[in-house]
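Student:
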Amino acid sequence: MLNEKIVKEFGESLKGKLIQPGDSNYDESRKIWNAMIDRKPVLIVQVAGADDVSSAIKFARENKLDITIRGAGHNIAGNSICDGGLMIDFSAMKKTTVDVAKKTAFVEPGATLKDFDAEIQKHGLATPVGINSTTGIAGLTLGGGFGWLTRKYGFTVDNLLSVEVVTVDGKKLRASEKENADLFWAIRGGGGNFGVVTQFEFQLHPVGPEILAGLLVFPFNQAKSILKQYRDFIQTSPPEFNVWVVLRKAPPLPFLPEEVHGKEVVVLAIAVISDFEKNEKLVDSLRGFGEPVGEFIGRMPYINWQQMFDPLLTPGARNYWKSHNFTELKDDSLDLMVEYAGKLPSPQCEIFIAYLEGKSNSVPPNSMAYSSRDLKYILNVHGRWDDEKQDNQCIGWARNFFDATLKFASAGAYVNFMTEEENERVAKAYGPNYKKLVEIKKKYDPNNLLKHNQNIKPTA
Ligand SMILES: Cc1cc2nc3c(=O)[nH]c(=O)nc-3n(C[C@H](O)[C@H](O)[C@H](O)COP(=O)(O)OP(=O)(O)OC[C@H]3O[C@@H](n4cnc5c(N)ncnc54)[C@H](O)[C@@H]3O)c2cc1C
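With our numbering as the guide, the letters of the sequence shown map in order to residues 55 to 514.
(1) Output yes or no for whether 7 Å exceeds the beta carbon distance between residue 119 and residue 139.
(2) Which residue wins for smallest C-alpha separation from residue 71, given the options 59, 86, 142?
(3) Between residue 421 and ligand 1, is there a pair consisting of the residue's CB and a ligand heavy atom that are separated by less than 6 Å?
(4) Taking all protein chains shown into account, decide if residue 243 is buried (16 or more other Cβ within 10 angstroms of its Cβ) or exposed.
(5) Tell me whether residue 317 is buried or exposed, calling it buried when 16 or more other Cβ atoms sit within 10 Å of its Cβ.
(6) Tell me which residue opens and which closes the beta strand (DSSP E) that residue 468 is part of.
(7) Using the DSSP secondary-structure output, state which residues sit across from residue 97 in a beta bridge.
(8) Suppose you measure from the CA of residue 409 to the CA of residue 222; what does that come to, to the nearest Å?
(9) Closest by CA to residue 189, which one among 75, 383, 202, 125?
(10) With a cut-off of 8 Å on the beta carbons, I'd call residue 257 and residue 157 a contact; round off their distance for me.
(11) Give the DSSP-derived three-state secondary structure of residue 107 in the structure shown.
(12) Helix, strand or coil for residue 333, going by three-state DSSP, please let me know.
(13) Alpha carbons only, please: which of 327, 98, 385, 470 is nearest the one belonging to residue 259?
(14) From which residue to which residue does the alpha helix (DSSP H) around residue 459 run?
(15) Would you identify the three-state DSSP class for residue 477, choosing helix, strand or coil?
(16) Just the C-alpha distance for residue 483 and residue 194, rounded to the nearest angstrom, thanks.
(17) Taking residue 494 as part of the beta strand (DSSP E), name the residues at either end of that continuous run.
(18) Between residue 69 and residue 102, is the Cβ-Cβ spacing less than 7 Å?
(19) Can you list, in chain order, the residues of its chain whose CB lies under 6 Å from that of residue 426, leaving out five sequence neighbours each side?
(20) Should residue 159 and residue 166 be called a contact, given that it needs their Cβ atoms to be closer than 7 Å?
(21) Let me check one thing: in DSSP terms, what residues is residue 64 bridge-paired to?
(22) If you draw a straight line from the alpha carbon of residue 106 to that of residue 443, how long is it in whole angstroms?
(23) Sorry if obvious, but does the Cβ on residue 123 come closer than 6 Å to a heavy atom of ligand 1?
(24) Who are the near neighbours of residue 236 in its chain, counting only those whose CB is closer than 8 Å to its CB and skipping five residues on each side?
(25) Between which two residues does the beta strand (DSSP E) containing residue 318 stretch?
(26) Does DSSP put residue 431 in a helix, a strand or coil?
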């Protein structure tokens with residue numbers, strides 16, 4: 055039990071807000087994206103700056119409360135919240151400041167990708183981030199971060215220039231290649247293990263405002279042939295040319311004939327970042343893979359494309375996701391994808407393949423914590439459904455698919471797509487960099503106060 059007077063004094067010392075059980079905004083403030091997670095922290099500190107973060111850490115230490123950190127609450131494992139702990143909530147810190155001349159931007163950790171893209175696209179600039187605009191820039195960056203710009207410009211962490219961090223002893227530090235370089239090395243992929251980031255600085259690139267993008271949809275009976283042609287074709291395409299595959303039941307999209315709605319389909323999601331005329335010919339080749347049942351492709355604002363998948367990924371559903379890295383797609387692995395896409399347990403479940411070959415493969419694996427530099431494809435299985443009664447069925451489907459495709463997976467794993475029970479995969483995820491991460495954890499968080507994450511323990 056916390057002493058009421060001490061809590062009151064703590065609340066009054068903050069620039070931001072303190073929210074407690076019983077407050078009218080408590081339930082709304084503890085909601086996160088994955089509706090399977092329903093946890094009750096004892097305090098939610100809606101911080102207004104680094105000083106509040108420092109006070110929150112001090113208060114949690116003195117009162118022996120677990121600390122969790124919430125960027126935008128998208129983490130599937132629900133690491134941003136725990137029962138009985140203190141949640142540092144960044145939802146009131148979302149500001150982005152752009153330096154147009156230098157093509158850089160500072161962004162606060164509560165910003166979603168939508169908030170960030172909106173500010174930087176005003177200047178025709180962008181940096182690689184994820185494909186669902188309500189995702190948080192903070193968690194995404196700290197675990198790696200990939201999206202439509204990754205082939206051309208690398209992972210999000212490859213574009214991180216510096217961070218401001220509050221460490222567990224309450225100190226505010228800057229970390230970059232030049233300052234506190236060990237901390238900066240660890241933070242670029244090591245997640246929220248080393249401190250609480252209160253500001254990110256990114257390198258930006260000229261992108262848009264329009265790109266060439268859209269969806270090309272094939273019937274499911276052509277799936278095996280489409281996937282094999284895709285695999286052979288995509289490897290010869292230039293880095294500005296992105297095609298990812300989604301196997302799912304067709305949503306009722308207006309450009310699809312009604313008889314396809316609710317049926318399994320193969321979707322090629324296409325995003326061409328530059329050189330549109332040259333690449334239109336490649337888009338045409340994709341059409342020739344089979345007999346499409348519909349398409350929606352054209353020039354559109356980059357920002358619109360960044361929000362294209364939002365309606366399929368709204369908060370409030372139950373989610374269980376798993377993921378593998380691949381350096382190649384063997385025929386047998388493609389057959390398994392088709393087999394499992396043929397038994398989707400809910401209309402929202404899907405299997406997707408992102409092709410990421412490009413800039414990231416030229417970054418040395420030991421240059422930062424994120425190490426999967428041989429990765430060409432990320433395979434994701436998205437278990438997603440609404441009814442609690444379907445938990446076992448949907449989780450079982452996702453796990454079985456994950457297990458069946460394990461033998462084709464390459465080294466490493468993407469920590470941002472790990473579920474709660476996958477902590478034993480963390481060492482594997484970082485591969486040869488894990489030992490150094492343990493040493494840096496010992497230096498910055500020797501008592502593992504920041505343990506609600508894909509945890510790197512300070513003991514080997
Ligand atoms: C619908 C959906 C789509 C996605 N698409 C992509 C994608 O295209 N590409 C991709 O790379 N990933 C994607 N992801 C994964 C995403 O990167 C992770 O879920 C990430 O954790 C989300 O960040 P967040 O800030 O919203 O998470 P939160 O749940 O708020 O935070 C997750 C964890 O990050 C750490 N953290 C957050 N903020 C801070 C901070 N300020 N300081 C220190 N640690 C912090 C904490 O450990 C926290 O537990 C997607 C996830 C979802 C649910």
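The beta carbon of each residue, even a glycine, is placed where N, CA and C say it ideally should be.
Tutor: So, from the listed chains and residues:
(1) yes
(2) 142
(3) no
(4) buried
(5) exposed
(6) Neither: residue 468 is in no beta strand (DSSP E) and is coded neither H nor E.
(7) 140
(8) 38 Å
(9) 125
(10) 7 Å
(11) helix
(12) helix
(13) 327
(14) 445-459
(15) helix
(16) 16 Å
(17) Note, residue 494: premise wrong, no beta strand (DSSP E); alpha helix (DSSP H) at 488-498.
(18) yes
(19) 379, 466
(20) no
(21) In the DSSP output, where bridge partners are listed per residue, residue 64 has none listed.
(22) 41 Å
(23) yes
(24) 494, 497
(25) 318-326
(26) strand
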